[in-house]
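Take any residue in the sequence shown, count from 1 to its spot, add 7: that is its number in the UniProt record's numbering. C-beta: ideal position from N, C-alpha, C; glycine also. Take a look at the structure set out below.
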Amino acid sequence: QRSLLGLKELGRDEIESILDRAAYWENHPVKIHKELQGNIAANMFFENSTRTRFSFEVAEKRLGAEVINFAAAASSVEKGESIYDTVRTLESMGIDVGVIRLKPIGLLAELAESIKVPLVNAGDGNNEHPTQALLDLYTMRKQFGNLAGLNVSIIGDILHSRVARSNLYALRKFGANVSFCAPQNMQARELDVPYVTMDEAIKADVVMMLRVQLERHDSGMIKSAEEYREQYGLTVERAKSIADHAIIMHPAPVNRNVEIDGDLVEHPQSRIFPQMENGVPIRMAVIERALT
Ligand code: CP
């Protein structure tokens, strides 16, 4: 039984085997498999989510597991119960695996030391979002076959992005070249990554746009959505300079017409909805790995 807390410490072989297993699940599209019959998966979200929460639920159900969903807003967390006590409570009821999204950085690693069931990180603060990066790598591998030498630009709110961090850690293990592009006040200088201009960034093989995470901003981080779009948005005009073989990615949710123009979300070169589709087999592989 194995937890998945992040990709920084996960070996390239382990990542590759998750991607390969996801490909297996994608190529065996049975409605409900029996592999995890008799197991109970708990999805514990202390922060909001649409894609991650529901694709974990679909993945767990496709593997035959029973699923319980926990949303902090409808729980005793509202009465002041701690995250640790909440997870221990569900563990004591007999869950077999816990999928957790939370804000505080470092808490998941602490929980994993005292909780006996495997835990899967569904996004913790701006630290890591391993299953998002796995589905991103899976999407890139499907497109390009190989990640070595691939030029990947990650553009936008790097400072608040767990997606950027998990992608960086994983892509580098496969020999991809990662560049960042961000306004000064959204850069993460502690990460040793070159920053490039927007004109340079859109020349990459993969142009990955990030959501401007307004809910994590101090006031005044962006002057206006229009100005941000003008300087760092993937506009229809800018997209004309993207190479024919390149793809556009975004973890979503998307702020249409801020970091990416609405007309580009389903552009032929966009992989935004295929990313979501790929999230299911990836999470099947991760949940299966946790329980077998
Ligand atoms: N990409 C992603 O994590 O989306 P959600 O916040 O909706 O889960």
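Beyond the five residues adjoining it in sequence on each side, G132 comes within less than 8 Å, by CB distance, of L109, K110, P111, I112, R169 in the same chain, given in chain order.
R196 and V37 have their alpha carbons spaced roughly 45 Å apart. N285: member of the alpha helix (DSSP H) spanning 279-298, first to last residue. For S62, there is no enclosing beta strand (DSSP E); the enclosing alpha helix (DSSP H) covers residues 58-69. Look at L157 here: in three-state DSSP terms it is coil, with no helix or strand label.
At a threshold of 7 Å, A66 does not count as near the ligand CP, since its beta carbon sits no closer than that to any of the ligand's heavy atoms. For Q220, the shortest C-beta to heavy atom distance toward the ligand CP is 7 Å or greater.
Boundaries of the alpha helix (DSSP H) around S24: 19-33. With respect to M291, H257 sits apart: the two C-beta atoms are not nearer than 8 Å. Here L217 is near I161, since their CB atoms are less than 8 Å apart.
If you look at A208, you'll find it in the alpha helix (DSSP H) that goes 205-208. Residue ranges of uninterrupted beta strand (DSSP E) with 3 or more members, entirely inside the stretch 85-111 and ordered along the chain, are 104-109. In this structure, the beta-carbon distance from R58 to A297 does not fall below 8 Å. Distance between K180 and K86, taken at the CA atoms: about 43 Å. Summarising the contact set, residues whose Cβ lies nearer than 5 Å to any heavy atom of the ligand CP are, in chain order, S56, T57, R58, T59, P258. Burial of F53 is indicated by the presence of at least 16 other C-beta atoms within 10 angstroms of its C-beta. Annotation for V84: F53, I90, T93 place their beta carbon closer than 8 Å to its own, counting only its chain and skipping 5 residues before and after. In this structure the stretch 40-48 lies against the stretch 59-72, because at least three pairs of beta carbons, one per stretch, are closer than 8 Å. If you check the CB distance, I254 and V213 come in under 8 Å.
The criterion of a C-beta distance shorter than 8 Å is not satisfied by L115 and G105.
Secondary structure at S186: strand, using DSSP grouped into helix, strand and coil. Assignment of E197 by DSSP, reduced to helix, strand and coil, places it in the coil class. The beta carbon of N134 lies closer than 6 Å to those of I112, R169 in the same chain, with the five residues before and after it left out.
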